[in-house]
Amino acid sequence: MLAYYYPQQSLLWTMLEFFLFVIWIWILIAIFTDIFRSHDMSGWAKALWVIFVIVLPFLGILVYLIARGGKMQEHAVKDAAQEKQAFDSHVREVAGTSTADDLAKLADLKDKGVLTDAEFQAQKAKLLG
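For any residue, its number in the working numbering is found by taking its place in the sequence shown, counting from 1, and adding 69.
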């Protein structure tokens, strides 16, 4: 009986609309997150972007993605690097290993021939820098 009033085409259309609505909400959250975590914009610029996205949502989002899409990627990469660094330092702190221990392990791997000179120097620079 339900199929009579709600055929498959309508069901597929409703699923597509729901999917597009979820994507729309996801994009809005990503844009608002980027607006508020951007340190290169003043408070007034952030307020204007928020107003623009709220008042003219489709145009505001498209313009924001065109104008600041690259910055969104830079912010995401920077945040991921900071989170990784914080996680790595926490793991080292909890595990009780120090940079000196890690350097000793690298030197041992180099002496055994597992690491080349270039790999050793790259890992050493990563640990120290």
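By construction, the Cβ of each residue, glycine as well, lies at the ideal position given by its N, Cα and C atoms.
query	result
Helix, strand or coil for residue 126? Go by DSSP, reduced to three states.	helix
Below 8 Å, how does it come out for the stretch 150 to 157 and the stretch 124 to 135: are there three or more Cβ pairs, yes or no?	no
Flag this pair as touching only if the stretch 136 to 148 and the stretch 105 to 117 have three or more C-beta atom pairs under 8 Å; answer yes or no.	yes
Would you kindly report the start and end of the unbroken alpha helix (DSSP H) that includes residue 196?	186 to 197
For the putative contact between residue 172 and residue 193, defined by C-beta atoms under 8 Å, what is the C-beta separation to the nearest angstrom?	7 Å
Output the residue ranges of the alpha helix (DSSP H) runs that lie fully inside the stretch 87 to 153 and measure 4 residues or longer, sorted by chain position.	112 to 124
Decide if residue 163 is buried, meaning its Cβ has at least 16 other Cβ atoms within 10 Å, or exposed.	exposed
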